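Here the protein sequences line up with chains A and B, keeping their order. Just so we're on the same page, the numbering used here is the position in the first sequence counted from 1, plus 146. Just so we're on the same page, the numbering used here is the position in the second sequence counted from 1, plus 69. All residues carry an ideal CB built from backbone N, CA and C; glycine is no exception. Note that the structure is predicted; figures quoted are calculated from it, not measured.
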Amino acid sequence: MHQTVIGQANPIAIMFFVLFVISTLVITWWAAKRTRTTKDFYAAGRNITGFQNGLALAGDYMSAASFLGIAGLVSTKGYDGLIYSVGWLVGWPIIMFLISEPLRNLGKYTFADVVAFRLNQRPIRAAAAAGSLVVVLTYLIAQMVGAGTLIKLMFGLPFELAIVMTGALMISYVLFGGMIATTWVQIIKAGLLLGGATILVILTLAKFGFSYGDLFSQAEKLYTNKFLEPGGLVTSPLEAFSLGLALMFGTAGLPHILMRFYTVPDAKTARKSVFYATGFIGYFYILTVTIGFGAAVLVGQKVIMGIDAGGNMAGPLLAEALGGNIFLGFLSAVAFATILAVVSGLTLAGASALSHDLYVGVIRRGVANEKEEVKVAKIATVGLGICAILLGILFKGQNVAFLVGLTFAIAASANFPALLMSIMWKKFTTAGAVMSIYTGLIVAVILLVLSPTVWLDIVHKADVVAVQAQIKGIDAAAAGIDTQIADLQKTMVSADAIAKLKKKDMSAAEKKNAEIQASVNAKMTDKEALAAKKKDVASQMPKAIFPMRNPGIFSMAAAFLIGILVSLMAPDKEAQAKFDAEKVREYVGIGAE
Amino acid sequence: MAKVKKEDILNDPDFQKLSGQKDTISMILTILELVIYFGFIYLVAEHKAFLSQKMSEGGSATIGIPIAVGTIVLSWIFTGIYIWWANAKYDEMVKRVIEKVGG
């Protein structure tokens, strides 16, 4: 039996974690003194450098789910895990080429600023806030449930306590330190995560004489060449394309990522920060994949899946095997810090959608003073934080993996099309934008609920399991009949033997054979009846109403199509006239905040 | 240098050159990124045997591994190309236009 301290209260992990909490709280206290205006609270006074923002963007994006999850996926599924990690990165160049500079030049605090730039403020802000909030809440639930489960697994703390602790710390960072504290929490976390993963990879490669070739050949020896080849993860090209679209353009529609572009002084720094972020994130995924292969070889799939069937503990187990208890403690604390940082970024993005877009933009019609706006944002922070804690506890033990997919599908369908069209298309109208956002949001949610991911795996899970059990029973019965038939056939006297017999014995043997044949035929009829029954039972298997697991391609297409059609049906001359001013500001930055 | 009114800036040849070049570069790089990523997905979905070839005689690593890692690295290089162009050319053009309008 493999020895591990994972799952027990680990004093070293707790020590590292307390150290992280103390230093981030000191930063929050320091940041609180510098957070007065809305510009400080939402955008860290726009004083963050490109390198710092690159790290912070990477910090916002590299969740514990991607660190532990991808390493786990690679360690259990091999090459298929690598396919996923590529998908998580490719949205970043798109952000740089299409979004980063116009977003920075046109907006103030949220991406709704950009969509509403030349359109009717109130309906746009209401729709964009809805899109942002749904994305933030679904992602928060996934992160919170993941946090509770992981912390329980790594520190041995009860689920509820872990969630309340995470929630309380997240609220304190955002409430007191706003974007300044959140940014520095992200930067520290990104540094720790990249540093920790680098050390783990160096320790791993040292076991293979720093040769990836050796690592792969040992992996092949243990798990056959299938481990290094694409397997069953991607089967249908349309499904793969749809998932790829959602990952790519979902990244470019995540409100907590988009918000980060307002923390830098200008568009030039905004684009520079994407360059750094893409480098850090790409490097991180290459490390994570190496950790996955290393864990498969050095720890072994049996041990990894024995602790957690999803493979989530592959990274920590490898750390324990190579760096002992101290390194395990360090890495566990880093994973906890990672979760904290991501949920803080999400909470801040949600709070700004509530206060900047909904309260000031919709309820107060754009008229509110700074003090009032910051106050509302702080109330929203506490409200969202409590919501996240309650939802996290409510979803305890639920399969929330689908929520991450849903988050990206909604971000790609509700937020991204409206944002892109408002930047690039002169004829885009208020009605077009509003309809595009709601269409993307509703279609993505409905299709995912009707897809096998939710309809079969969650809603009708009991039926599916029951039918599967019945089919298994029938198969077992059929196999039983097969052996009975084979046994009977063995008792038959062979034709050769009969030929050698005397005439009298011959007819007796033939008679006996005929009797056996009759019972074989009866068994055959039983078997046919079973096959018919199996077909009948199989027809009762619940079917997903929408056949694909990843609806991104349809919800995105619907959002673009509706946005274009509605805009063309009722042209808005005023918005078209304002496009010229938007264009100058977009490209040159004159008048940018 | 002759001052240009803000309203006329859209018709200014320098501004048109700047926005036209930026659109072209952004579009080319976006399309390249789409091609490499969805090209990779296409190989994974339709040409598994191609990705499963061994890189070298007697080695274990498949061609699919450097292709996946290459997609990540190439994506980053694309962002680098854009930064290089923007820092060298675009910012210069922006500066010139802003000087024309008088800030």
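| Asked | Found |
| --- | --- |
| Nearest-angstrom Cα separation, counted from A/L593 out to A/L587 | 10 Å |
| Own chain partners of A/L530 with C-beta closer than 7 Å, once the 5 adjacent residues on each side are dropped | T493, G496, A497 |
| Residues bridged to B/T131 (per DSSP) | B/K123 |
| A/A262 in three-state terms, based on DSSP | coil |
| Contact set between B/E115 and chain A, taken where Cβ atoms lie within less than 9 Å | P383 |
| C-beta neighbour in chain A for B/W154, strict 7 Å | no |
| Proximity test, Cβ basis, 7 Å: A/I229 and chain B | yes |
| For A/T284, three-class secondary structure by DSSP | helix |
| Any chain B beta carbon closer than 7 Å to A/M147 | With a pLDDT of 44 at A/M147, under the threshold of 50, the predicted position of this residue should be treated as unreliable, though the coordinate-derived value follows. By this cut-off, A/M147 is not an interface position. |
| 7 Å Cβ shell around B/M70 - same chain, five flanking residues per side excluded | Caution applies to B/M70, whose pLDDT of 46 falls short of 50 and renders its modelled position unreliable; the model cannot decide the point. |
| Rounded straight-line distance, which links the Cα of A/L391 to that of A/L714 | 25 Å |
| Cβ of A/E375 within 7 Å of any chain B Cβ | yes |
| Between the CA atoms of A/D628 and A/A237 - distance to the nearest angstrom | Here the sequence assigns Gly to residue 237 of chain A, which means Ala is not the residue at that position. Rounded to whole angstroms, A/G237 to A/D628 spans 54 Å at the Cα level. |
| CB of A/T409 within 7 Å of CB of A/A612, strictly | no |
| 7 Å CB neighbourhood of A/G737 in its chain, flanking five on each side removed | R731 |
| Through-space distance from B/L101 to A/M147, alpha-carbon basis | Bear in mind that a pLDDT of 44 at A/M147, under 50, signals an unreliable position, so the number given afterwards is only what the model happens to contain. Approximately 50 Å, taken between the alpha carbons. |
| Any non-hydrogen atom of the ligand ADP closer than 6 Å to A/W330 Cβ | Only the bare structure without any ligand can be found here, which leaves the ligand ADP out of the picture. |
| Closest by C-alpha distance to A/Y505, when choosing among A/G153, A/A275, A/G215, A/P563 | A/A275 |
| Chain-ordered chain B contacts of A/S640 [CB-CB under 8 Å] | None at all; the shortest Cβ gap to chain B is about 46 Å. |
| Straight-line gap, A/K414 to A/T150 (C-alpha atoms, nearest Å) | 49 Å |
| Own chain partners of B/L98 with C-beta closer than 8 Å, once the 5 adjacent residues on each side are dropped | F147, I150, Y151 |
| C-alpha gap between B/A155 and A/F725, whole angstroms | 23 Å |
| Neighbourhood of A/R406 by C-beta distance below 7 Å, restricted to the same chain and skipping five residues each side | N199, A202, L203, D206 |
| Run of the alpha helix (DSSP H) containing A/Q663, from where it starts to where it stops | 649-685 |
| Span separating the alpha-carbon of A/Y747 from that of B/P82 | Not covered by the structure: residue 747 of chain A. The range shown for chain A is 147 to 739. |
| DSSP state of A/T256 mapped onto helix, strand, coil | coil |
| Proximity to A/I509 [Cα-Cα], best of A/M652, A/K573, A/A293, A/R271 | A/R271 |
| Residue environment, A/F356, which counts as buried when at least 16 other CB atoms sit within 10 Å | exposed |
| CB contact below 7 Å: B/E168 versus chain A | no |
| B/V170, DSSP secondary structure in three states | helix |
| Residue span of the alpha helix (DSSP H) that contains A/A534, given as start and end | 516-540 |
| Chain B contact for A/V730 (CB, 7 Å cutoff) | yes |
| Sequence-distant residues of its chain with Cβ nearer than 7 Å to A/T174 (five each side left out) | S318, Y319, F322, G323, A327 |
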